[in-house]
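Asker: Going by this note's numbering, the sequence shown wraps up at 1143, each residue one higher than the last. Just dropping this structure here.
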Amino acid sequence: MLIFFVILIKVLFLSGQTGEPVVKTSEIEVSSAEILFKESGWEEALKESKSTGKPIFLNFHATWCAPCKLMKYRTFTNTNLANYLNENFINLRLDGEEGEGEALMETFGLRAYPSTLFFGPEGNLIWGKSGYLGPQELLSVAKQLIE
């Protein structure tokens, strides 16, 4: 069973490699860019979205969630995705089991981690999905929403 788990993790990490620039730090690969998430919360993100006209990218995670960690370290550090989201969206990431994140999970009727949502500047839900999203899939969705 352990061998299966190790193989599964390797497949998840190796699938979808893009050849983007990577800096090796000991045995861990770290991308040269990452998504810049606001720390101000939902209401501030809504205000900024209304004033700039940029949609909101919102990701819910939990500290114990393995797919959430994969998204944090593999998807959110993809250079192409990070650059695109940082330029075109207000980015927010919340712990769905604490404070505002927990309340918003309930408000939006979400029960799974990770959950990824996109909202228009008026706070209207444009797109949402629960479960792991790789960098190419998330970038494709984000581009479709803007173009």
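Glycine included, each C-beta is placed from N, C-alpha and C at the ideal position.
(1) Do Pro1051 and Gly1116 have their CB atoms nearer than 8 Å?
(2) Do Leu1141 and Phe1114 count as a contact pair if the criterion is CB distance below 8 Å?
(3) Excluding the 5 residues preceding and the 5 following Asn1084 in the sequence, name in chain order all residues of the same chain whose CB lies nearer than 6 Å to its CB.
(4) Which class does Thr1059 belong to by DSSP, given the choice of helix, strand or coil?
(5) For Leu1090, which residues does DSSP report across the bridge?
(6) Would you call the CB atoms of Glu1040 and Lys1046 closer than 8 Å?
(7) In this structure, what does DSSP give as the bridge partners for Lys1034?
(8) Given Leu1042, which residues of its chain have a CB within under 6 Å of its CB, disregarding the five upstream and five downstream residues?
(9) Using beta-carbon positions only, say whether Phe1053 and Leu1081 come within less than 8 Å of one another.
(10) Is it buried or exposed for Ser1111, if we count other Cβ within 10 angstroms and need 16 for buried?
(11) Flag Ala1029 as yes when its Cβ comes closer than 7 Å to any non-hydrogen atom of the ligand FAD, and as no otherwise.
(12) What are the residues that DSSP puts in a beta bridge with Gly1097?
Answerer: Answer, in terms of the structure:
(1) One-based indexing of the sequence shown puts residue 1051 at position 55. One-based indexing of the sequence shown puts residue 1116 at position 120. It is a contact, given that the beta carbons lie within the stated cut-off.
(2) Position 118 of the sequence shown, counted from the first residue, corresponds to residue 1114. Position 145 of the sequence shown, counted from the first residue, corresponds to residue 1141. Yes, they are a contact pair.
(3) As a first step, residue 1084 must be located in the sequence shown, where it is residue number 88. Closer than 6 Å at Cβ, skipping near neighbours: Ile1142.
(4) Within the sequence shown, residue 1059 is the residue found at index 63, counting from 1. Of the three classes helix, strand and coil, the one that applies to Thr1059 here is coil, per DSSP.
(5) For the purposes of this step, residue 1090 is identified with residue 94 of the sequence shown, where counting begins at 1. Answer by DSSP bridge pairing, in chain order: Phe1056.
(6) Residue 1040 sits at position 44 when you count from the first residue of the sequence shown. Residue 1046 sits at position 50 when you count from the first residue of the sequence shown. The beta carbons of Glu1040 and Lys1046 sit no closer together than 8 Å.
(7) By one-based count along the sequence shown, residue 1034 stands at place 38. The partner list for Lys1034 (beta bridge, DSSP) reads Leu1088.
(8) Walking along the sequence shown from the start, residue 1042 turns up at place 46. Same-chain partners within the cutoff: Gly1119.
(9) Taking the first residue of the sequence shown as position 1, residue 1053 is located at position 57. Taking the first residue of the sequence shown as position 1, residue 1081 is located at position 85. Contact: yes.
(10) Within the sequence shown, the letter at position 115 stands for residue 1111. Buried is the call here.
(11) Inclusion of the ligand FAD in the displayed structure is not the case, the ligand content being empty and no account of it being possible.
(12) In the sequence shown, counting from the first residue as 1, residue 1097 sits at position 101. Answer is none; Gly1097 lacks a bridge partner.
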